[in-house]
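Let me begin by presenting the structure, written as structure tokens, before commenting on it.
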Amino acid sequence: MTDTATVDNFPALHQKIGDKKLVYLDSAATTQKPQSVIDAVTNYYELDNANIHRGVHTLSQRATKAYEQARKDIADLLGASRAEEVIFVRGATEAINLVAQAWARPRLCKGDEILITEMEHHSNIVPWQLVCEQTGASLKVAKIKDDGSLDIDSFKEMLSQDTVLVSVAHVSNAIGTVNPVEELCALAKSVGATTVVDGAQATGHMHVDFSKIDCDFYAVSGHKMFGPTGIGCLIGKYTLLQEMEPWQGGGDMILTVSFEETVWNEVPFKFEAGTPNIAGAVGLSAAAQFIRKIGYKTIHAQEQELLAYGRSVLEAIEGVTIIGTAKNNAGVIAFTIEGVHPHDAGTILDHAGVAIRTGNHCAEPLMKRFGLHATCRASFSMYNTTQDIDALGTAIQEAITMLR
Amino acid sequence: MTDTATVDNFPALHQKIGDKKLVYLDSAATTQKPQSVIDAVTNYYELDNANIHRGVHTLSQRATKAYEQARKDIADLLGASRAEEVIFVRGATEAINLVAQAWARPRLCKGDEILITEMEHHSNIVPWQLVCEQTGASLKVAKIKDDGSLDIDSFKEMLSQDTVLVSVAHVSNAIGTVNPVEELCALAKSVGATTVVDGAQATGHMHVDFSKIDCDFYAVSGHKMFGPTGIGCLIGKYTLLQEMEPWQGGGDMILTVSFEETVWNEVPFKFEAGTPNIAGAVGLSAAAQFIRKIGYKTIHAQEQELLAYGRSVLEAIEGVTIIGTAKNNAGVIAFTIEGVHPHDAGTILDHAGVAIRTGNHCAEPLMKRFGLHATCRASFSMYNTTQDIDALGTAIQEAITMLR
Amino acid sequence: MSNLRELYLEMVTDHAKNPRNRGKVDPCSHIGTGHNPLCGDKLVVTVLTNKDVIEDVKFDGEGCAISTASADLMAEVLVGKTIKETKILFDTFHGLLTEDSNTDSVPRKLAVFSGVREFPMRVKCATLAWHTIISALDGNEGATTE
Amino acid sequence: MSNLRELYLEMVTDHAKNPRNRGKVDPCSHIGTGHNPLCGDKLVVTVLTNKDVIEDVKFDGEGCAISTASADLMAEVLVGKTIKETKILFDTFHGLLTEDSNTDSVPRKLAVFSGVREFPMRVKCATLAWHTIISALDGNEGATTE
Ligand SMILES: Cc1ncc(COP(=O)(O)O)c(C=O)c1O
Ligand SMILES: Cc1ncc(COP(=O)(O)O)c(C=O)c1O
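Residue numbers (this note's numbering), protein chains in the order written: chain X, 1270 to 1673; chain E, 1270 to 1673; chain D, 3 to 148; chain Z, 3 to 148.
As structure tokens, then:
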């Protein structure tokens, strides 16, 4: 189980909410940050802060080196075949929008289809709706089963020669389902579709190998993998990135500019217009190192243990229903409490120091699929313990006593 | 002059480059960060870190409050008429791209014209080139005079009934010219054009009043006004923002999502898809407070003094030519040294601890206008002193001795 | 715990569990739909007015305890009130929820929500029905508290 | 200061100030344009080959001291070399600039650039002419060091 040395790495966890110890069970929204990540950001500002690329002075050289090292670190951690396949963006949402606007929009037309699933986060729905509106393409949605796992038959049925792009979550943020992305990408390839995997909920929790998944694009959210806010990556196959036109224009993404003609810079710079979130990248680099040190194996084992224990504790409470009971599930438990609206549960649990998320979790279509407006969601990370889950159980009992 | 108490606020300035004291004269690339900004970011991660909006637990409430407070602080500092006019983006580049893609692209067509000037940063050129390519509109460029100031006659000549959009720098990053943006916006309005001011180089140095300038959009770069990297704002007139379709799709920017229909959220959320750079906004809020404490008046007076002294020191060196000698100039001096290529100057000055920028400063067309490939650029901020300028002069002499 | 108990006063939880005014006014003169994206809740408020006076109000839809109780008690207090009085009452109620204002002028049935003041995130829940009815009376169909 | 002096050895600054091989080979068999966005420098390299042997090389364009001297000295050492030898020499030269490699196999005229090793940002300057000529010999027109 989690040793306290691990928890000690996270300063935000050592606080009280009112007179109760904070129990943070909202890591699917954002993870807490280890001290090493916070320190990396601080050190950057206190020592190396400068704008990157094209600067000859020492600070600029240091900042450039740290920024490009972060690219290498992410490429290494997530199995990109070269650092240039990693494009820094604000987060998973921007990564998906980049693909939608720079890859899909110029290539799609009426009759073409984009295939997603019923369990997607709004960030993996709305960008495609926008592209469909812009191009006349249409959006297809593969169904999920009652246990929250993807209905592969439905997915296969929806795939056709018209499917130009397939975009699926690696892990559902709302219920934690882990999708067989390797298999899905292979299926998509068999009809010639380009593939996008939304990895926002994966990279903080389990080993991800971009090259092995063999998708064309993979979206990464830094703040959900112990990194700073405002940084994330799009990992893309190098040749695809080369073929694409840029999305945003500005400094650093061009080689030469004149009013008559502008020549784009190389990949990945072509997609990084303007001053990037340098401190964010430096912090993400520290997060990658932190993950390496602990090891995905340890993290994953730990979270699976919490999931099993959490499910058993919640199942034992009368009136609690767990939504999403797939075999292959990340450390996320969505649930409802009979007679207690999720929003009230959220307030009462918070009063007990237990931070969970309530609502539709940016996955309204999934909620509708289960006939719900909202759920409670407890989501775990490597810093959680079984005591945290006991506190959750106790707080749920309190909410029931108060409202039922 | 700068009192040391001011300089003491900036930890990065207290270091040596080799055995020389660091003299940071590259603030136009990015400013150094006061301790209060660094601490605000650290405190956020150590105490309040959570995802914002729609979260009922305490950390999420604190984070949301801090993020929305940052919006108010920026609105207050820069004269927006309400907090909702401030949209958080990565930086000035993204702000301009947002206007280009979400305002201009759906509205422009063949025959329409976009007017910019010869002194623009690539970030205020390339987004418009992209839009022109996408819509068939054409790009017009107002000339500048030999002293680096805008040729208002040329600007007026270029304005016509076909001008749909005018985008000008408030302050040139390459030579420091301050443009009369109020006057230019009034002229643009007289032909019915929508106006964008690129304020990247202004907000860290002088009082900016969005409402008074009366432009439609104003682009802000956080990292150039003592704030963190990866944060900036687009300030836009509320009614215009309301009329615009969103640019990126994802979480937080929608009210309801279904596969059939999606309803956009209100301004500003409509334009903030995905988890924003929360820590960045919190840091920017601290930067706004820092600026308020010192006062734009003090900052501006200080920088003008440095400009005057800097010009006198450089003019006295034989073979040094200053590019950009407009009356209304910010604390930026671009120059060339006879017989010493800027790139060599950059290396030699760095060796003396003096950090300047060399190259085309992301303003290739401006360089061409002056018949140059590259210049040296020293740019000042409120933490610089006349000693810094003396160090610059000495280092230039060394470079001349070495290479001429 | 104490301010949590003040949020969920017995009268509030009672009306949340057993709302008296759930349903539809039919025929109705005004209808409005309210949406609180925070809870995912949707509320339909139907009203029958006679000239300027509210004769009947009902609400329908799923909601949290606070929004359900607030909708239910709103329906009770508004019957017999004019549209103008309704708006004034909402201002007073809003003041109760957000400011340290005097509760004397607030009907007892609304004063039970004074505990919301300690929970700023829940103000939207307590006001959803009110925003919806006022929007409906103004002739608009939808309201949202975000 | 000491490693700065090693960067700007007298031979380097001399060739930068008075390049012997500035101009154009005319007629030429190969032409290439190199661009270093860092300096804003552009370099045009013209070459005349006879079969596989380089008979003449010249360069034109503005550049920093390092790139000018490097272009000039490159032109000197390459005359008489085959295309294959040129490529091998570039590899050796690149090693000199970036690794702590042995300089014995490097012609004396190129060894003067060993000081660049301490200035990683200047490697691109020292190699611009080389990238350009190799790109030209390979039949491509442009080269860039970014
Ligand atoms: C599955 C999923 N996709 C995408 C996103 C968006 O990620 P980001 O916050 O980095 O934009 C999230 C997080 O909210 C998510 O959980
Ligand atoms: C005048 C000007 N405009 C735009 C930008 C781009 O700003 P940012 O780095 O915030 O994208 C800069 C800075 O590089 C600038 O100086």
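The C-beta atom is built at its ideal place from N, Cα and C for all residues, glycine as well.
For residue i, which beta-bridge partners are listed by DSSP?
| i | result |
| --- | --- |
| Asn1598 (chain X) | X:Thr1446 |
| Glu1382 (chain E) | E:Ser1407 and E:Thr1432 |
| Ser1211 (chain E) | This structure leaves residue 1211 (chain E) out entirely; chain E is present only between 1270 and 1673. |
| Arg24 (chain D) | D:Phe61 |
| Val1440 (chain E) | E:Val1447 |
| Leu2 (chain Z) | Residue coverage of chain Z in this structure runs from 3 to 148, which leaves residue 2 (chain Z) outside it and unanswerable. |
| Ser1490 (chain E) | E:Gly1501 |
With residue i and residue j assumed to form a contact (beta carbons below 8 Å), what rounded beta-carbon distance in angstroms separates them?
| i | j | result |
| --- | --- | --- |
| Val125 (chain D) | Ala71 (chain D) | 14 Å between Cβ atoms; not a contact. |
| Ala1281 (chain E) | Glu1315 (chain X) | 6 Å |
| Asp1295 (chain X) | Ala1664 (chain E) | Not a contact, Cβ separation roughly 52 Å. |
At the level of alpha carbons, what is the spacing between residue i and residue j?
| i | j | result |
| --- | --- | --- |
| Val1532 (chain E) | Ala1632 (chain X) | 14 Å |
| Glu1667 (chain E) | Leu1347 (chain E) | 42 Å |
| Val79 (chain D) | Lys1341 (chain E) | 37 Å |
| Gly1622 (chain E) | Thr1616 (chain E) | 10 Å |
| Met1270 (chain X) | Gln1571 (chain X) | Residue placement at Met1270 (chain X) is poorly supported in this model, since its pLDDT is 49, which falls under 50; the coordinates still yield a value, given next. Computed Cα separation, rounded: 6 Å. |
| Ala138 (chain Z) | Ile33 (chain Z) | 6 Å |
| Gly1287 (chain E) | His1620 (chain E) | 7 Å |
| Ser1648 (chain E) | Ile1500 (chain E) | 21 Å |
| Val1551 (chain X) | Asp93 (chain D) | 49 Å |
| Pro1537 (chain X) | Leu1503 (chain X) | 10 Å |
| Leu1 (chain Z) | His17 (chain Z) | The structure shown does not extend to residue 1 (chain Z), since chain Z spans only 3 to 148, so no value can be given for it. |
| Gly1628 (chain E) | Thr1327 (chain X) | 16 Å |
| Thr1463 (chain X) | Met1427 (chain X) | 15 Å |
Within 10 angstroms of its Cβ, does residue i collect 16 or more other Cβ (buried), or is it exposed?
| i | result |
| --- | --- |
| Ser1241 (chain E) | As shown, chain E starts at 1270 and ends at 1673. That puts residue 1241 (chain E) outside it, with no answer to give. |
| Gly1461 (chain E) | exposed |
| Met3 (chain D) | Residue placement at Met3 (chain D) is flagged as unreliable, the pLDDT there being 49, under the threshold of 50; the coordinate-derived value follows with that caveat. Result: exposed. |
| Gln1301 (chain E) | buried |
| Gly1518 (chain E) | buried |
| Ser1480 (chain E) | exposed |
| Lys1596 (chain E) | exposed |
| Cys1378 (chain E) | exposed |
| Ile1547 (chain E) | buried |
| Ala1539 (chain E) | According to the sequence provided, residue 1539 (chain E) is Lys. The question's Ala does not apply to it. Buried, because 16 or more other Cβ atoms sit within 10 Å of the Cβ of Lys1539 (chain E). |
| Asp1613 (chain X) | buried |
| Gly63 (chain D) | buried |
| His1391 (chain E) | buried |
| Lys86 (chain D) | exposed |
| Ala1339 (chain X) | buried |
| Arg1646 (chain E) | buried |
| Asp1485 (chain E) | buried |
| Ser1581 (chain E) | exposed |
Near residue i, what residues of its chain come up, given a Cβ to Cβ distance below 6 Å and the 5 sequence neighbours on each side ignored?
| i | result |
| --- | --- |
| Thr129 (chain Z) | none |
| Glu148 (chain D) | Only weak support is given to the placement of Glu148 (chain D): the predicted model assigns it a pLDDT of 45, under 50, and the value that follows is read from those uncertain coordinates. Counting only Cβ-Cβ distances below 6 Å, and skipping sequence neighbours, we find Pro39. |
| Thr1498 (chain E) | His1492 |
| Ser1441 (chain E) | Met1388 |
| Glu1607 (chain X) | Gly1588 |
| Glu8 (chain D) | Gly117 |
| Ile1355 (chain E) | The displayed chain sequence assigns Val, not Ile, to residue 1355 (chain E). Arg1340, Ile1343, Ala1344, Ala1349, Cys1502 and Ile1504, listed in sequence order. |
Near residue i, which residues of its chain fall below 7 Å by C-beta distance, leaving aside the five closest residues on each side in sequence?
| i | result |
| --- | --- |
| Trp1397 (chain X) | Ala1369, Ile1383, Ile1385, Leu1408 and Ser1436 |
| Ala1557 (chain E) | Asp1342, Ile1343 and Leu1346 |
Going along the chain, which residues of its own chain have a beta-carbon closer than 8 Å to the beta-carbon of residue i, five neighbours each way excluded?
| i | result |
| --- | --- |
| Asp1431 (chain E) | Gly1380, Asp1381 and Glu1382 |
| Phe1279 (chain E) | Gln1301, Lys1302, Pro1303, Gln1304 and Tyr1652 |
| Ala73 (chain Z) | Pro21, Asn23, Leu45, Val47, Phe61, Gly65, Leu130 and Ala131 |
| Val27 (chain Z) | Thr48, Val49, Leu50, Asp58, Val59 and Lys60 |
| Val1410 (chain X) | Leu1384, Ile1385, Thr1386, Glu1387, Met1427 and Pro1634 |
| Arg1359 (chain X) | Gly1499, Ile1500, Gly1501 and Asn1546 |
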